[in-house]
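In this text, residue positions in the sequence shown follow our numbering: the first is 13, and each later residue adds one.
Have a look at the structure below, then the notes.
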Amino acid sequence: MIVLYDHEEIGSTSATGADSTWFSQVLEQRAAALGASRSAFLGSLAGSLLLSADMAHATHPNYAERHEPNHWVHLGGGPVIKHNVNGRYATDSSTAAIFREVCSSVQVPVQEYSHRGDLPCGSTIGPLAAAQLAVPTVDVGMAQLSMHSIREVMAVADVELMITAFTAWLSQTNS
């Protein structure tokens, strides 16, 4: 299943944003329509996985010192798993390992982004949706230079690699 939330760029706090109960209500209504009990519904959430897809900051050559030196992200290097010690991304070691394994199965390289702990960090809908649903989540993205600027830059190869990764994720984690 794919979910597209409203209002991500303004905080996701709306009736249909990731920081609402909208999606959990839709899922519960679908489960009830299929005859599942609430207990069965909650059990299915516990066995689910969520992939939060956004963008990832590539290491900017003019500002390399603002990036974690052991976790530089390069254009054309493949999907990026996003980590943050302050919970600004929902990735944990288990969900990162699952995403890495899925990508490996289709020969898609993976990069790791870890935001410097001494700098402020944006966020994604991952932590919000994960908290609303209590579902293990991995935050991933495509490398991008100059995010939110007038001239954002990406690599076409990353789009192709991400499509391959998402296709594999949907087919391999759908049980």
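Every residue, glycine too, gets a C-beta built ideally from N, C-alpha and C.
With burial defined as no fewer than 16 other Cβ atoms inside 10 Å of the residue's Cβ, what is the status of residue i: buried or exposed?
i, result
"D130", "exposed"
"A155", "buried"
"M174", "buried"
"A109", "exposed"
"A45", "exposed"
So, are the CB atoms of residue i and residue j less than 9 Å apart?
i, j, result
"V157", "A102", "The sequence shown places Leu at residue 157, not Val. Their beta carbons are not under 9 Å apart, which means L157 does not touch A102 by this criterion."
"H79", "H95", "no"
"V97", "T179", "no"
According to DSSP, simplified to helix, strand and coil, what is residue i?
i, result
"T71", "coil"
"D170", "helix"
"I93", "strand"
"A155", "strand"
When the Cα atoms are used, what is the spatial distance from residue i to residue j?
i, j, result
"V85", "D170", "12 Å"
"G153", "V92", "5 Å"
"S32", "A141", "8 Å"
"L145", "L57", "7 Å"
"Q184", "T149", "15 Å"
"P139", "R100", "7 Å"
"R42", "V122", "34 Å"
"G29", "S135", "14 Å"
"M159", "A52", "41 Å"
"T71", "S161", "15 Å"
"V120", "R112", "9 Å"
"T82", "A48", "The question names Thr, yet the displayed sequence has Asn at residue 82. Spanning the two alpha carbons is a distance of roughly 47 Å."
Shorter than 8 Å, the distance from the beta carbon of residue i to the closest heavy atom of the ligand ATP, or not?
i, result
"A70", "No copy of the ligand ATP occurs in the structure displayed, which carries no ligand at all."
Using a Cβ cut-off of 9 Å (strictly closer), state whether residue i contacts chain B.
i, result
"E164", "Structure shown: chain B not included; a single protein chain is present."
message = Report the start-end ranges of each beta strand (DSSP E) in the stretch 33–86 that is 3 residues or longer and not cut off at the edges.
response = As far as the stretch 33–86 is concerned, its whole beta strand (DSSP E) runs of at least 3 residues are 62–69.
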